[in-house]
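K.L.:
Dropping the structure in here first, questions after.
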DNA sequence: TTTACTGCAAATAATTTGCAAAACT
DNA sequence: AGTTTTGCAAATTATTTGCAGTAAA
């Protein structure tokens, strides 16, 4: 997967050290193609290199976010997930029953929302990673 | 203020016991007219009746939510706030710098958003208390 | 009187931090 | 070599819970 190499290269260019731990964390979330909790990333990394600790995973994830290479999404209820950035602004639909996060495209509507909060209330909304809770189709039926 | 009496009456009618603690918690959030954290509610109640504990405040707030008389809003980053319900669906604009929560009216847009997530992804969004983070007008300038 | 509710203190859960040792570059 | 990063264990923060006592109804 080329995506993680890009990320690693970018960090190296910025003068950061690439440790095996960082590499594994990046590979893990970049590969997954979805949103993962720190714990999930830890499980994966820890399986590959058991000496890796959870605090290192937290530090690395926060580091990636601070470098603008990943996004941290707080879904509420103590459910925090991370993902590498690779797409433009999108909407996260978070199912409150099964916990899955669906990434969908509703750019025009989001842009309109941002425009209105700006014009009417002077509020600059962070809409790059807005997440909305609700019930997904699967969970609705049952 | 009549609002809290309504709430108390409703609980009494449903057969719950109205303790001084519950009364004070309800008065506090109903009076404030804004969103308060459990800690803030606790400070107020505790000043009036020092024997009241934080766990009672938590229990009472969750109780009000479960009875549908208050809403709990997780703004992310460990910032959880409560407010009595008295208005229809609204949008919470949460300033990530100063922490203030602005309640605004953008019903048509929200409805449109709900309609689209439903039609296109079968996702039933909880839009009664959607909160969006960003920067408010005051914090933007500085 | 009955049993819902409270206070207390201890348990959780998720995340953060201090510090000395390890390891990128 | 020199500084960044890690591991470990302990600290934090926000919230929850068990249990025995208190008090609404």
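Chains as they are written, first to last, in the working numbering: chain A, 78 to 219; chain B, 78 to 219.
Yeah, the Cβ is synthetic: ideal placement off N, Cα and C, and Gly gets one too.
Per DSSP, which one or two residues make a beta bridge with residue 169 of chain A?
P.N.:
Working through the first chain from its first residue, we reach residue 169 of chain A at position 92. The partner list for residue 169 of chain A (beta bridge, DSSP) reads A:180 and A:208.
K.L.:
Enumerate in chain order the residues of its own chain whose CB-to-CB distance from residue 109 of chain B is below 7 Å, with the five nearest sequence positions on each side excluded.
P.N.:
Residue 109 of chain B sits at position 32 when you count from the first residue of the second chain. Counting only Cβ-Cβ distances below 7 Å, and skipping sequence neighbours, we find nothing.
K.L.:
So what's residue 97 of chain B in DSSP terms, helix, strand or just coil?
P.N.:
On the second chain, position 20 is the one that residue 97 of chain B refers to. In the structure shown, residue 97 of chain B sits in a helix (DSSP, three-state: H, G or I).
K.L.:
Start and end of the alpha helix (DSSP H) containing residue 137 of chain B?
P.N.:
One-based indexing of the second chain puts residue 137 of chain B at position 60. Segment 131 to 143, the alpha helix (DSSP H) holding residue 137 of chain B.
K.L.:
Identify the continuous beta strand (DSSP E) that holds residue 151 of chain B and give its terminal residues.
P.N.:
To locate residue 151 of chain B, count along the second chain from 1; it is residue 74. 147 to 151 is the extent of the beta strand (DSSP E) around residue 151 of chain B.
K.L.:
What span of residues does the alpha helix (DSSP H) with residue 214 of chain B cover, start to end?
P.N.:
Counted from its first residue, the second chain places residue 214 of chain B at position 137. Note, residue 214 of chain B: alpha helix (DSSP H), 214 to 218.
K.L.:
Output, in sequence order along the chain, the residues in the segment 175 to 187 of chain A whose CB is closer than 7 Å to any CB in chain B.
P.N.:
179, 181, 183 and 186
K.L.:
Is it the case that the Cβ atoms of residue 121 of chain A and residue 131 of chain A are separated by a distance below 9 Å?
P.N.:
The sequence position of residue 121 of chain A within the first chain is 44, counting from 1. The sequence position of residue 131 of chain A within the first chain is 54, counting from 1. No.
K.L.:
Starting from residue 115 of chain B, follow the alpha helix (DSSP H) in both directions and report where the run begins and ends.
P.N.:
Numbered from its first residue, the second chain carries residue 115 of chain B at position 38. Unbroken alpha helix (DSSP H) run through residue 115 of chain B: 115 to 125.
K.L.:
Got a sec: is the Cβ-Cβ distance from residue 159 of chain A to anything in chain B below 9 Å?
P.N.:
Counting from one through the first chain, the residue named residue 159 of chain A turns up at place 82. Not one chain B Cβ lies under 9 Å of residue 159 of chain A.
K.L.:
Determine which residues share a DSSP beta bridge with residue 202 of chain B and list them.
P.N.:
By 1-based counting over the second chain, the position of residue 202 of chain B is 125. DSSP output for residue 202 of chain B lists A:211 as bridge partner(s).
K.L.:
With a Cβ-Cβ cutoff of 9 Å, do residue 147 of chain A and residue 138 of chain A count as a contact?
P.N.:
Start at 1 with the first residue of the first chain, and residue 147 of chain A comes out as number 70. Start at 1 with the first residue of the first chain, and residue 138 of chain A comes out as number 61. Taking 9 Å as the Cβ cut-off, residue 147 of chain A and residue 138 of chain A qualify as a contacting pair.
K.L.:
Measure the alpha-carbon distance for residue 160 of chain B versus residue 203 of chain B and round it to whole angstroms.
P.N.:
Sequence index remark: in the second chain, residue 160 of chain B carries index 83 (1-based). Sequence index remark: in the second chain, residue 203 of chain B carries index 126 (1-based). Distance between the alpha carbons of residue 160 of chain B and residue 203 of chain B is about 17 Å.
K.L.:
Below 8 Å CB to CB, which residues in the same chain sit around residue 69 of chain A once its five sequence neighbours on both sides are set aside?
P.N.:
Examination of residue 69 of chain A is not possible in this model, given that chain A is present from 78 through 219 alone.
K.L.:
Please tell me whether residue 197 of chain A and residue 144 of chain A are closer than 9 Å, where the distance is taken between their beta carbons.
P.N.:
Position 120 of the first chain, counted from the first residue, corresponds to residue 197 of chain A. Position 67 of the first chain, counted from the first residue, corresponds to residue 144 of chain A. With a cutoff of 9 Å on beta-carbon distance, residue 197 of chain A and residue 144 of chain A are scored as not near each other.
K.L.:
Look up residue 158 of chain A in the DSSP assignment and give the residues it is bridged to.
P.N.:
As a working mapping, residue 158 of chain A is identified with position 81 in the first chain. Beta-bridge pairing links residue 158 of chain A to A:150.
K.L.:
Figure out for me which residue from B:113, B:174, B:201 and B:217 has the closest Cα to the Cα of residue 162 of chain B.
P.N.:
For this step, residue 162 of chain B is matched to residue 85 along the second chain. Minimum Cα distance to residue 162 of chain B is reached at B:113.
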